[in-house]
Amino acid sequence: MSEELKQFIIEISRHNDLAKNKFSKIIAKYYEFIDTQSREVFYETMHKYYALDMENYDVSRDWEVCDGHEAMENTIRSDYRLRRILLSNLRGIPGKHNSKDYGISFESNNNRCQSMALLGKNGTGKSSIYDALEYMYCGEIGEARIRHNNNLNDEEFKKYLVRDNNSFNDLSCCIEIIDNSYDIHSGHIFTESEMKNIVPESHFISEHNVIDMGRCHYGSEYDGRTIHKVIAEKLGLSDFMRFNKSVKELVSYRRTTEISRLGKNKKEIENLLKELDRSKELLNEKLSKLSDSKESNKNMGAEDHKDAIGILSELKTRKMEISFNVSAFEETLKEYFDAMQMLKHYDKVDLNKELHNFLYQGLEIIRRETVTNCPFCGSSELGIREIAEQVEAKLNAHKEYTEIINKQTIIAEQISNTLDRVVDDAERYAYMLNSENEKLGSHMAFLKLVDINIKLISYFESISDNQFFSSIRTGLSNNKDLGNDDFNLVVIRQNVEQCGEMIKMISQTLDTRKELIQKIENEILSHTSAENISVIEIQAIIKKEIAELNNRISIQQQQIEELQRQTPFLQRQVEIYHNIKNDVTTYAKIVSREIDKKVTTAFEPIQDTVETILKEFSREEDYRIKVGKKIVEFDKDTGEVLAENIVINLCDSKGEPWMSPNKYYNGFRYKIFCLSVCVSIAIAVRKKTKINLPIIMDDILTCADFDHRLQFESFFKNVVKLFRKHSPENMPLQLIYFTHDELIYDSVYRVMSKYDNETISARLLNVDNTQEEEDYNELTYKISDRNIRLIMNSYKENRAQA
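Just so we're aligned, residue 390 is where the sequence shown starts under our numbering, counting upward by one.
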């Protein structure tokens, strides 16, 4: 958890609407000890803390918790513009020359940090310098991530930086800023926690960033990597978003544990009271028989024996068996989830039969006849062979998708049928045993069997009342995707294992029941041969039964008293559950709204940047790019907006969203669009953090991408203007642009020098031609303002003549 999030949690607990919210107070006081990664663990932890008395807790007393964050802010400088970089033995840069590192000075003649347009041919080490700067500032290298699919740690970044087969220890790299210097072997410029707040990677823009931004979804209909989430991440608010998600998951957490425990407690008390009444009733009968036995010596137990034998014959014909193969069921679940994952690899497939037949018939025409154009539209620019291949690919995708859907449907039916069978058996057996106990309760010989039945009934009811399996059955019957937070494979398996354990206990208890029935049968049959017994023997038998009943009544009363003592505690647990649910619901609304505000504070510069830049590239179109907010969550009761997402759409002449940029833009304009988003986020971060980092761009565009150079100049002019417009005061812009394209180089310098005439124009030299300075070898040749003006004027004249 970042220091900024800790401060936010304390601040939010002081909100007027949370003054009596216990959830808010607990989070504020014990945030360091609360694990929010899992909603189950999150709830269990909060449940324990709810036992504490927080009535008189004053959040302001713990306000000093934030001092650590303030101290960190004081250690971070406000200006990290570059003075120099010194390096050797790093990728494209060789070892020291004359015992001196190679380097670049970004200072003007008056020793001020300046912007620079740097031209470097391929192979001169330009990208290596950029990588070293990115690693020192950001702790990562974007280009390395592209090459290795993002799966890199710090040691692998170090290996990427080294030259040839040297070790990282042989590498030398030192970065000098206004009033400090940093060596690569002493670590990065910022600590990990500082990086989360400053987000330096937003100030480095290369091909990696453009590609990464191109993977975003810019509407709000997609629940994956949306631009809203990326903006939150780039503003250092990833922890906020995760915390918000955890709180929302707790709101929707359908937990039945506490309520089920209380319900089970009350039901056990109810059943025991019923059995206690039966025991007392049976005791009265035995006392009455004891009194009557003094007057008769007839075979008073003959009738009871006869009834008991009849009951025994019924019990022996009654079969109960409940089976649940955990391994087989888990394998079926795995097949279901595998099919679900396979479906995610397909784009949305239209399963319309008419469309399928249309494509199939068209393909048959192509195969059967000699045609010269598209049989579907008659005016395709594709060759007839390419058309056939595309149609065949669509039909194959349709076939594969349909097969997976059908397979998943069959597996879902198997899962549902298995659960239905288990639950139906449990319900049937619980009803059967309840009915059985009504008969057995009046017979002394079967009282122990009644107790076994009560235990079995409790087990069966636990299965039939299992809310989790009930939810799965409902979800499957409604074709609901089980791959979400409520139905993930790990949680399902945990519940399957619990159910398996319960069924093992049931099987063991059923075996005990069989043994007890056999024992009762042996005892009853051993007495049937006795036709006449004496009054004394009868009285002895009855007195023994009376003693057993008194003992049984005493045990039942103790069990009832113990359960009744547990009831207030269980009621308190249920009360805590409801309090947590109520408190977290209120808390989630406020937290969601406040976190949303933090993200949308970046809205103005992002909107201004994207719309201003893209406006230049859609002058003759019927649409306009529009950065807006879309409501994605609101209170159903009050209609209050709880969350808005930043979205980017193409809008028609009426301003209505028309199409996503992902879908509409071609390669070049999509690249410009992604670049504009990268720039807008960098501007928003500068505005939020008020920390002046250099903006460093590496070969993001070449003139081959443009119809003519003026388009690039227009793009770059807007970039510089927008940086200056949205940057806080006293934050002079240092923009360093690496390129190998001479026309881009010329255009960059032209734009940058217009806003700052001390902008440095430089060419990256081959290491053999470096200029030896006092303590390093200068890698660049800086062109003076006077010389560059002459060169540019000459270039203008030559272009005019041409």
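The C-beta atom is built at its ideal place from N, Cα and C for all residues, glycine as well.
Where Thr-513 falls: helix, strand or coil (DSSP): Thr-513 falls in the coil class under three-state DSSP.
C-beta contact flag for Tyr-438 and Tyr-469 at 9 angstroms: No. Outside cutoff.
Extent of the continuous beta strand (DSSP E) to which Gly-608 belongs: Where Gly-608 is concerned, there is no enclosing beta strand (DSSP E), given that its DSSP letter is neither H nor E.
Alpha helix (DSSP H) segments (min. 4 residues) lying fully within the region 537-601: Within the region 537-601, the complete alpha helix (DSSP H) runs of at least 4 residues fall at 543-550, 581-587.
Under 9 angstroms between C-beta atoms of Thr-998 and Leu-1124: No. Outside cutoff.
Residue span of the alpha helix (DSSP H) that contains Arg-428, given as start and end: Segment 428-438, the alpha helix (DSSP H) holding Arg-428.
Assigned exposure category for Asn-1034 - 16 Cβ within 10 Å defines buried: Asn-1034 comes out buried.
For Asn-1038 and Lys-1015, believed in contact at Cβ under 8 angstroms, the rounded distance: Yes, Lys-1015 and Asn-1038 are in contact; Cβ-Cβ is about 6 angstroms, under 8 angstroms.
Simplified DSSP assignment, three categories, for Thr-898: Thr-898 carries a helical assignment under DSSP once its states are collapsed to helix, strand and coil.
Whole-Å CB distance - Met-731 paired with Ile-804, under 8 angstroms assumed: The pair is not a contact, with the Cβ atoms about 17 angstroms apart (cut-off 8 angstroms).
Proximity below 9 angstroms, CB of Tyr-491 to CB of Met-525: No, they are not a contact pair.
Cutoff 8 angstroms; reference Ser-1072; Cβ partners in own chain excluding five residues on either side: For the record, residue 1072 in the displayed sequence is Ile; it is not Ser. For Ile-1072, the CB contacts under 8 angstroms within the same chain, skipping 5 residues up- and downstream, are Pro-994, Ile-995, Thr-998, Leu-1111, Phe-1112, His-1115, Ser-1116 in chain order.
Cα-Cα separation between Gly-514 and Leu-479, rounded to whole angstroms: Going from the Cα of Gly-514 to the Cα of Leu-479 covers about 9 angstroms.
Alpha-carbon spacing of Val-885 relative to Val-715, whole angstroms: Roughly 7 angstroms between the two C-alpha positions.
Simplified DSSP assignment, three categories, for Gly-1017: Three-state DSSP puts Gly-1017 in a strand.
Reduced DSSP category for Gln-1123 - H, G, I as helix; E, B as strand; rest coil: Under the three-state reduction of DSSP, Gln-1123 is assigned to coil, being neither helix nor strand.
Ala-728 burial status per 10 Å Cβ neighbour count (16 or more: buried): Counting Cβ neighbours within 10 Å, Ala-728 comes out buried, since at least 16 surround it.
Sheet register partners of Ser-1150 (DSSP bridge): DSSP, once it has assigned bridges, lists Ala-506, Ile-1172 as partnering Ser-1150.
Endpoints, the beta strand (DSSP E) within which Met-1048 is located: According to the DSSP assignment, Met-1048 belongs to the beta strand (DSSP E) that extends over 1046-1048.
Whole-angstrom distance between Leu-662 and Lys-932, CA atom to CA atom: So the two alpha carbons sit approximately 24 angstroms from each other.
Asn-598 beta carbon less than 9 angstroms from that of Cys-1040: Result no, Cβ atoms of Cys-1040 and Asn-598 do not sit closer than 9 angstroms.
Three-state secondary structure assigned by DSSP to Asn-915: Residue identity check: residue 915 is Ser in the sequence provided, not Asn. Under the three-state reduction of DSSP output, Ser-915 falls in the helix class.
Separation of Val-780 from Thr-580, as counted between CA atoms: One Cα belongs to Thr-580, the other to Val-780, and the distance between them is close to 54 angstroms.
Uninterrupted alpha helix (DSSP H) stretches inside the region 628-711 (no shorter than 4 residues): Qualifying alpha helix (DSSP H) stretches, in chain order: 646-681, 691-706.
Inter-residue spacing [alpha-carbon to alpha-carbon] between Lys-1043 and Ile-594: Approximately 34 angstroms, taken between the alpha carbons.
DSSP three-state assignment for Tyr-1194, whether helix, strand or coil: Since the first and last residues shown for the chain are 390 and 1191, residue 1194 lies out of range.
Close Cβ partners of Asn-586 (< 6 angstroms) along its chain, the five nearest in sequence each way excluded: Exclusion of the five residues before and after Asn-586 leaves Glu-393, Gly-625 as the residues of its chain whose Cβ lies within less than 6 angstroms of its Cβ.
Short Cβ contact (9 angstroms threshold) for Gln-962 with Glu-590: Between Gln-962 and Glu-590, the gap from beta carbon to beta carbon reaches 9 angstroms or more.
Touching by the beta-carbon criterion (3+ pairs, under 8 angstroms), the region 975-987 and the region 663-674: At 8 angstroms Cβ cutoff, the stretches do not touch.
Spatially closest choice to Thr-990 from His-617, Asn-654, Gly-484, Thr-1159, by CA coordinates: The residue among His-617, Asn-654, Gly-484, Thr-1159 with its C-alpha nearest the C-alpha of Thr-990 is His-617.
Residues that Ser-477 bridges to, as DSSP identifies them: DSSP, once it has assigned bridges, lists Ser-561 as partnering Ser-477.
Extent of the continuous alpha helix (DSSP H) run through Met-1141: Per DSSP, the unbroken alpha helix (DSSP H) holding Met-1141 starts and ends at 1131-1144.
Cβ-heavy atom distance, Gln-948 to the ligand ADP, below 8 angstroms: This structure does not include the ligand ADP; it has no bound ligands of any sort.
Assigned exposure category for Gly-576 - 16 Cβ within 10 Å defines buried: Exposed, since its Cβ has fewer than 16 Cβ neighbours within 10 Å.
Inside the region 764-832 only - alpha helix (DSSP H) runs reaching at least 4 residues: Here the runs fully enclosed are 773-829.
Per DSSP, cross-strand counterpart(s) of Thr-615: Beta-bridge analysis with DSSP links Thr-615 to His-606.
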